[in-house]
Amino acid sequence: MNEEATLRIPVTVDKSHIIALGERLYGESIELVRELVNNAYDADASGVNVQINKDNIVVEDNGNGMTLEGL
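In structure tokens:
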């Protein structure tokens, strides 16, 4: 990942929204993680790092990112 071209945008979402969305879209938690990894490879990533902690899940990849306008 080119650090000079990387922009981190923190996003905070209410836990109840995440749970409701996850229950509707994914039957199991692993399906959500699988989808995030698939999205990275869809962006032509050659590497993906997944960290699962008690309070968060971090998925980092070196794929093609979105422009600010695309966000």
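Just so you know, we're using our numbering here: the sequence shown kicks off at 1261 and counts up by one.
Where a beta carbon is used, it is the ideal one built from N, C-alpha and C, also for glycine.
- Within a 10 Å sphere around the beta-carbon of Ala-1300 sit 16 or more other beta-carbons, which makes this residue buried.
- Where Val-1271 is concerned, there is no enclosing beta strand (DSSP E), because DSSP gives it neither an H nor an E.
- Burial state of Asp-1304 is exposed, judged by a 10 Å Cβ sphere holding fewer than 16 other Cβ atoms.
- In this structure, Val-1319 sits near Leu-1296, with a CB-CB distance shorter than 8 Å.
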